[in-house]
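There are 2 protein chains.
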Amino acid sequence: MNEHQKFGKVIFPAEPWQVTENRFMTNEYKLNETIFSLGNGYLGIRGGFEEGFSGSQMNGTYINGFYEEYPFDYPDFIFANPINDQFMVNVADTKVILIEIDGEPFSMTSGLIEAYSRTLNMQTGCMERSIRWKTSKRKTVNLLFQRLVSFLNPHLYVIRCSLTLLQDADLKLYSGVFAGETILADQDNTLFSREKLNLRMQINHISASNQSIEVQQKCKISGLAVACAIEHVIEGLPNNPETIVSKDTAGLSWKTNVKAEQQIVLTKYIAYTTSRDMSEDSIQAFSNQIAESAAKTGWQSLFSSQSDYLGRYWQSADVEIEGDDALQQGVRFNTFHLLQSVGRDGKTNIAAKGLTGEGYSGHTFWDSEGFAVPFFLYHSPEIAKSLLEYRYFTLDGARNRARQMSHTGGALYPWRTINGDECSSYYPAGTAQYHINADIAMAIRKYYFATNDKTFISEMGAEILFETARIWTQIGWFAPSKGGKYSIPCVTGPDEYTVLVDNNAYTNYMAREHLNFAIDIWHMLENEFPNIIKGLQTSINICTDEINHWKKIADNMFLPFEPNLGIIPQDDGFLAKPDWPFAKTTKEEYPLQMHHHMLNIYRHRVCKQADTVLVEFVLSDQFTPEQKKRDFDFYEPITVHDSSLSACIYSIMANEVGYPEKAYEYFIQTARLDLDNCQENSELGIHMANMAGTWMCVVNGFAGLRTESGNLIFQPRLPEQWHGLKFKLNWQKCVLKIDISKRHTTYSLISGKSLKFKHFNQLISISNGESIVLA
Amino acid sequence: MNEHQKFGKVIFPAEPWQVTENRFMTNEYKLNETIFSLGNGYLGIRGGFEEGFSGSQMNGTYINGFYEEYPFDYPDFIFANPINDQFMVNVADTKVILIEIDGEPFSMTSGLIEAYSRTLNMQTGCMERSIRWKTSKRKTVNLLFQRLVSFLNPHLYVIRCSLTLLQDADLKLYSGVFAGETILADQDNTLFSREKLNLRMQINHISASNQSIEVQQKCKISGLAVACAIEHVIEGLPNNPETIVSKDTAGLSWKTNVKAEQQIVLTKYIAYTTSRDMSEDSIQAFSNQIAESAAKTGWQSLFSSQSDYLGRYWQSADVEIEGDDALQQGVRFNTFHLLQSVGRDGKTNIAAKGLTGEGYSGHTFWDSEGFAVPFFLYHSPEIAKSLLEYRYFTLDGARNRARQMSHTGGALYPWRTINGDECSSYYPAGTAQYHINADIAMAIRKYYFATNDKTFISEMGAEILFETARIWTQIGWFAPSKGGKYSIPCVTGPDEYTVLVDNNAYTNYMAREHLNFAIDIWHMLENEFPNIIKGLQTSINICTDEINHWKKIADNMFLPFEPNLGIIPQDDGFLAKPDWPFAKTTKEEYPLQMHHHMLNIYRHRVCKQADTVLVEFVLSDQFTPEQKKRDFDFYEPITVHDSSLSACIYSIMANEVGYPEKAYEYFIQTARLDLDNCQENSELGIHMANMAGTWMCVVNGFAGLRTESGNLIFQPRLPEQWHGLKFKLNWQKCVLKIDISKRHTTYSLISGKSLKFKHFNQLISISNGESIVLA
C-alpha cells in the first residue's frame, strides 16, 4: 500500500443498487446534499431538504453551462491572465415545501423523528425521503418526499410530497420558489470575496396563480437568463390555495383541517429553460409548456419512463462485480453520477464536480477528455461524441486564447472554463498545462478508433486536431543542448506539484502522438475526403508544408530518459531535486498544498498525481513492460495522490506491472471516494474524473483493456477477492460482452456482425451470437 | 548599443546644480510631481501645487515606514502567501494655499501665465516656483512659492508663499490642511481594487486657531497614527484670519484689500509625527512644539541650515563630471534624491521609489542592499549602517517568514516589505527570490570591509548573517545528478523573466560567499569576541557543527558552467530555451511583461535584467576577465533592461570587459532615467536603485573601483567624451579624493592617517595630505 493513500470511513450500508441514509446525520447534511444530488446533465439539484435546514449547507440548483461572470481580483498584473471568472450559478430554488401541523413547522431538527430513511435508487433514478415525525403536541405525520430529474426531458424535474396524519390536525402546506438566494449557494467558500458570494441575480418576473408559479432571473454580468415554471397538482385537498408573492418568492398556501389517515399528495412539475437554449423571449413560455405537459403526463408515467431509460443505460454501462457489494455499490454510484452530470447537447460539457456542487466553480477541465470520454466511449459513444463536439463548439474561444498567449496561429484550449474562455487564474497550474491540447487530440483519436466515425472527423475533429497541433510548433525548438531534438520548455504536466518545467515527459510524448495522429488524419482526409482538405486549406490556411514540419517535429521529439536509473524522468529538472521529507511529514500535512507553500513543494521530488505513469497508460503501446515497471516503482512511492485523478491510474498500472494487491487497494479508494468521503471534500461536489476512473480501473485495469494500437486488447486479471466481473463494450458498432470468472473469460458478441480482438497475445475472431471461453 | 536600451526625451535644460521647468507643462504635471519631490528620508512631499490641479496627479505626502494594511485579493489559495499588503500612506495634505484676486481663484490653468519657472535647487535643498499671473480682469500678481523639507529635523517642512499685486485688488488668502484624501493619492492606479483606492484614514482630531492648525489621523487597520501641526506666520497683513473647520479640513482665511506693490508673505511651518516615533498620546504635542519652534527660528535661518547641511553632503558625496552638463545634472539629481529618500533611524529603510510616489506601494526590496548600501557606504557610511540596522530591526519578521515557508530554523527576508513582513503576492518573482538573504549578507560584508565596524558585526551583523545562512542548508542538497555538488532547486534569481529555476548561477555563487563570509565572521568572533559567540550559542542555538556543515556546503556548491560555449549558464534550464524572437518584436512590445504572458517570456532566453553578469560584478574577484567578457557577450544581446536595475550593471561591466562606448551609452540612460523619463513611468516615483546605480557606474565603472577582496582597487577609464572626473571615497575612516583626467589619475588622502590601495595592479601607499599622480 502506498503511504499516501486515502481511505474514508464507511457511511452507507453496502447495497448494490442504492444508497441509503438510515439515520439522519445532521453533521453530514452538506456532504449528503452531494451524495443525494439528482441531475440529468442539464439540471442538477443538490439533495437538500424541501423544508430547508439551518446548518452548514450548499442549497444549490444548477444548470449546465449557465454561468455568471465576475472580474478576478489579482494583486499583481499578469498580462493575458483571464479578466473574468465564470461560475455555475445557483438558480431559483423551486423545491420549497413547508408543512405546519397545528401551527408547528416540520423540520428535521425539531419535534421527534420516529422513523427516517433517504434512498437514492440508481435503477429508478428517484430519490426518496421517508419520515415519521411527531410534533411537540404528539401529532404524528408520515411524510414521503420523492424527487426525480428527468433523463428524457432535460428541462424537467418533479417533486412529490405525500403526507398522512395519524390524528386530526390543522395543516398548513406551502409550496413555492425562492429566487432571492445568492448566486453561489456555498457561503462557507473562503476563496471568493464576500462581494462575489453576495451576488444575486436580477429577478425580471415572479408570479403565482391558482396552481402555477413563474419566475425569471437574469445574470447581471453574463446577461444569461433563466425562466422557471412550476405546475402544482394537489390530491386529497380542494385546490384553493392562497397565492403569496413577494419580490423574490412566490408560493401557494393551503390551510385546512385534515382528518386522520387522510392522504394528501402534492406534486410539483418544474421546468427550467435558459437563454442559452433559445431566445430570451421564449424561455418562459417554453418552461410553462413543459411543466403543464408533465403535469398532464403525471408522476407515475414519468417515474416509469425514468426507470426504463435507466434500464437501458445499465444494460450498456453496468459493471457487475461478484463478491463485493461495497465496491459494486461504489462502481454503480459513480456510473450513475456520471450520467447525471454529463451535458449531451454538444454545447455543454461535464464539470469537475458535475452538477452537484460549486467546487471548481462548475468548470470543465481536461478531466473531460482524460476520464469522462474514455468512460462514456465504450458504452455510450454518442455521449463521448457530444463532449468532443463541445470542444468544436468552443474552438473559437481556444483560437482567441492562443492569440492572447502570443501564438500567431492555432488554438489553445483553456485549462478551466464554462463557455470556452480561459478561467484559470493561477497559470502555473493552469494555462501552463499545455498538455490539454494533446489530451483533447488523444480523446478524438480514442473516439475515432472506437467508432471509425469519419463524419465527425471531417466535420469537426480534423479542424480541432490541426488547430491544436499548431501550438506545439510554437512553444518548442530543436535545441542544440538536446542534440537537436525538439524540446518544449516551460510547461506544466499533469502533476501540479511540479510546474513550469522543461520537457515534461507526459507533454512531449503526448505532443508527439498528437502530431502523428494529426498527420494520419491529414492523409486519411487527403485520400477519402479531398474536399474537406480543400475547405481546411481555405478556412484555416493549412498546407502540406505545415504537415511536413509537424512530421519533422514528431520524428525528432525529445523524449526524456535517464539511463542509469533506467527511468523516464518527469522533466529535465526532476532528478535534480531532493525527495520530499516524507518521514517527517504528518498525516495532517496532507494535502501538501494546504499546509506548505508551493515553493517548498515544487523544490522537492513529490508528485501530486500520476504524470509519467499516466502517459504509460494513455500511450500504452509506446513503452515496454519493463519500462512501465521501473517507472511505477520509481514514481509510486513519491506520489501523494492529493489529486483525485491519481489513484485510478495507479490502480490500472499496478495491475499491468504486476502488483495486484496495490491495484486492488487503489481501486477501493477510487470506487468509494465520494461515498466514503475519502478526500474529505465531497460536500463541495462529486469527483467526476475519479468516478470515470473507477470504471477505467475495472475495464482497463482488471480486464486489462487497451485500445491505443487501434485494436481491442484484453488482459483480464480478476482480483482474488472477487468471484466474477461482467461488463459490455461498444466497439465499432458491435457490442461485446465480457464475463471474467476465476478460471476463464467468456467473450460474447451480442450485437454486430463480427469482431476481432486480442486476449493477451491471442488474436480472436468472434461472430454475432457467438461466445468464446478463454483461459 | 544594445537594441533594447531606453532613452527618453530631454525635458529639462542641462544645469549642473538644479532642475528647472521654464514653461508649465500641463501634461507632465504628474511626472513633475515626482521630479520636484522634496524629502528628508522621513517625510516626502510630491511636487504638486499648493493651489491644486485638476488633471492627472498623485498629490501625495508620505512618511517613511508609515503604512496601512489591507488584505490581498487572491483568486487562488496559495498556502503562506502573505495575507495583508502594506502600503505607504498618503497623509494629510498640509500644503494647501488658495489665492483669490477680486474673487478670481488663482490656478495655473486659468487667467494668463505671463511668467513661470520652477526650480529644484540641489545646493539649497529648496524648491521654488515663481509665477506672474494676470486675472481675466487684468490684475497682475507676482507669486513665489518656496518649499523645503528639513534635513536637520526630520519632522519639519516649510512652505513660504510671497505675493505682490501690481494693482490694488481684493485679496482672499486661504491656508489649510485637507485630511479627507484617500490613503492612496494615485487614483489612476489600476492594480488596486476601488475599495482599496477609496480607503481613507480616520480623523481623530482636527482644529484651527488664530495661527495654528492641528490634525490627527489614524490608519484603520494598521492602527498607526500621525499628528500634524501647522504654524502660520503672515507678513504684510494683519493676522486676523477667519478659522474654518469641517470634518476633514481646517484652515485660516484672510480677506483684505491690498495695495499695489504691497508684499505679503505667508510661511507655513509644518510638522508630522507618528506613533512609530513615540506613544500616540505624545505625537500631537511633539508636532506642535516642532512647528512652533521652527516658526520662531524663521525661514531664513532654516534655509541657511539646510544649505549648510547640503554643503556637507556634497562635500562627501559629490561626483564631478567635467565635459557633460546633462550627465553632471543627472548624477547630482540622483545623488540628491537618494539623500531625500533614505531612512536614517535604523527602523525605516529606502523604498524602491523613495518617498516620491506610490509605485511599488512604498516597499523596500533588495535594491536597498544591492544598490543603496553600496551608494551610501563610501561617502556616508553611517547611512549605510542604518540601512543594515533596519534588517536587524526586522529580523524577527524574517524568522517568522522562514517558519511560514516551512523552514525549521533561520530567517528569510521578505522580498518586499515596509514593516518587515512579506508583502510579495506574486511569489515566482517574489518570495522565490531567496537571493535576498545573500544580498543582505553581501551588503554586510561590503560594510565590514569598508568600515571594519566590528561592533556592528558583534551586536547585529553576525546574528543576521548566521540566521540567513541557515536557509541555504534547507533549500538545497548534494545532488547525485550534479556529481554530489550542492544544488539549489526552484528559486528565482535577479532576472525576473526566468523564474523557479534550478541552480541559478547568481544565487549559488552568492549563497557560497554568504556561507564563507558567515564562517569567517564566526572565526573572527571566536577569536576576538568569545562572549558574543557564547551569547549566540544560547540565543540562536548555533554551534561549530553547524558551521562545519556550512563549510561543507560552500566547498561543494554547484557552480554552473557550460564548457562548449565557455559561459556560465544562468540556470540549469537556461540554455535549453530558444532565444526570444527579438527580430519580430516591435518597440511597443516593451516592457515585455506588459505585452506578453509570463509563460511566453519564461519559455524564452530573454533577461529582464543583469543576473549572471551581476554576480560577476558583485563577486568580481571570483571570475576571470575572459569569463566576464564571454558572459557579457552572451547575455548582453538577450537582456532587455525592462528593469531599471539593469543598465547600470551593464555600464559597469562594459567598462570592465572593454566596451567603453557601451558603458557610456548605458550610463547616459542610467544617469538621466528619471529626468528624461526613459522608462515612461517616473510619474509613479523615482527609480531609487537606478539612481544609486548611477553613482556606481561612475565609481565602479569609470573609476573601476572594486572592494570584494577587502582592498580598494581602482582601474580608471575616463570616457573620451569627458575632460575629468572627481569624487571622494570613505574607506576605513580615511577619505581619499580621486581626480581622473585624460592623462592621469590623482589620488589625495584628505583625511585619515594612511591608506593602501591598488591602481590597476600597482600597490600604492598614501599618507595624509599626500597626492599621488598615476598614469
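One line per chain: the protein sequences are A and B, in this order.
Okay, so the first sequence: first residue is 1 according to the working numbering, each after it adds one.
Okay, so the second sequence: first residue is 776 according to the working numbering, each after it adds one.
Glycine is no exception: its CB is placed at the ideal position from the N, C-alpha and C atoms.
Since the model is a prediction, treat every value here as computed from it, not as a measurement.
By how many angstroms is the C-alpha of residue j removed from the C-alpha of residue i?
i, j, result
"T707 of chain A", "N531 of chain A", "30 Å"
"G830 of chain B", "A1025 of chain B", "24 Å"
"M776 of chain B", "P1494 of chain B", "Because M776 of chain B carries a pLDDT of 47, less than 50, the predicted location of this residue cannot be relied on, and no value is offered for it."
"L171 of chain A", "K196 of chain A", "40 Å"
"I230 of chain A", "S175 of chain A", "10 Å"
"E1303 of chain B", "I1232 of chain B", "12 Å"
"E309 of chain A", "W133 of chain A", "It is worth fixing the name first, because residue 309 of chain A is Tyr in this sequence and not Glu. Those two C-alpha atoms are separated by around 34 Å."
"T1206 of chain B", "H514 of chain A", "37 Å"
"E1095 of chain B", "N1063 of chain B", "41 Å"
"K1352 of chain B", "N1227 of chain B", "45 Å"
"I764 of chain A", "P716 of chain A", "15 Å"
"M1235 of chain B", "I1513 of chain B", "33 Å"
"L144 of chain A", "G44 of chain A", "21 Å"
"L1077 of chain B", "K1403 of chain B", "50 Å"
"D367 of chain A", "L156 of chain A", "27 Å"
"I1125 of chain B", "D1451 of chain B", "22 Å"
"V1033 of chain B", "L940 of chain B", "8 Å"
"A1385 of chain B", "Q962 of chain B", "33 Å"
"K1128 of chain B", "G409 of chain A", "40 Å"
What residues from chain A crowd round residue i, counting only those whose CB sits closer than 7 Å?
i, result
"F852 of chain B", "L191"
"G1348 of chain B", "P489, D502, D572, G573"
In terms of DSSP beta bridges, what is residue i paired with?
i, result
"V141 of chain A", "A:W133, A:L165"
"F828 of chain B", "Bridge partners of F828 of chain B: none, in fact."
"T273 of chain A", "A:A227"
"E320 of chain A", "A:K726"
"L923 of chain B", "B:C901, B:V933"
"V245 of chain A", "A:A250"
"R1380 of chain B", "B:D1354"
"L1413 of chain B", "A small fix is needed here, since residue 1413 of chain B is Ile in this sequence, not Leu. According to DSSP, which records beta bridges pairwise, I1413 of chain B is partnered with nothing at all."
"H205 of chain A", "A:Q216"
Assuming residue i and residue j are in contact, meaning their beta carbons sit under 8 Å apart, how far apart are those beta carbons, in whole angstroms?
i, j, result
"A260 of chain A", "Q123 of chain A", "So it is not a contact: roughly 34 Å between Cβ atoms."
"G1348 of chain B", "P480 of chain A", "G1348 of chain B to P480 of chain A, Cβ: 14 Å. No contact."
Tell me whether residue i, by its Cβ, gets closer than 8 Å to a heavy atom of the ligand ZN.
i, result
"Q762 of chain A", "Although the ligand ZN was asked about, the structure shown includes no ligands whatsoever."
Give the interface partners of residue i over in chain B, defined as CB-CB distance under 7 Å, in chain order.
i, result
"N419 of chain A", "Residues of chain B passing the Cβ test: none, with the nearest at roughly 18 Å."
Please name the residue, chosen from the options, that lies closest to residue i on a Cα-to-Cα basis.
i, options, result
"V491 of chain A", "A:D502, A:K482, A:T348", "A:D502"
"I183 of chain A", "A:A169, A:L199, A:L144", "A:L199"
"E382 of chain A", "A:L163, A:S406, A:D186, A:A317", "A:A317"
"G872 of chain B", "B:T1042, B:G1310, B:G819", "Going by the sequence as given, residue 872 of chain B is Ile instead of Gly. Looking at the Cα atoms, B:T1042 is the closest of the given residues."
"I1424 of chain B", "B:T1183, B:Q1397, B:E1391, B:H1324", "B:E1391"
"A185 of chain A", "A:V233, A:A92, A:E770, A:E422", "A:A92"
"I35 of chain A", "A:S751, A:D674, A:K733, A:G769", "A:D674"
"E68 of chain A", "A:P82, A:I78, A:M88", "A:M88"
"I567 of chain A", "A:D631, A:F393, A:A295", "A:D631"
Could you name the residues of chain B that residue i contacts, counting a contact when the two beta carbons are closer than 8 Å?
i, result
"M405 of chain A", "H1372, L1374, N1375"
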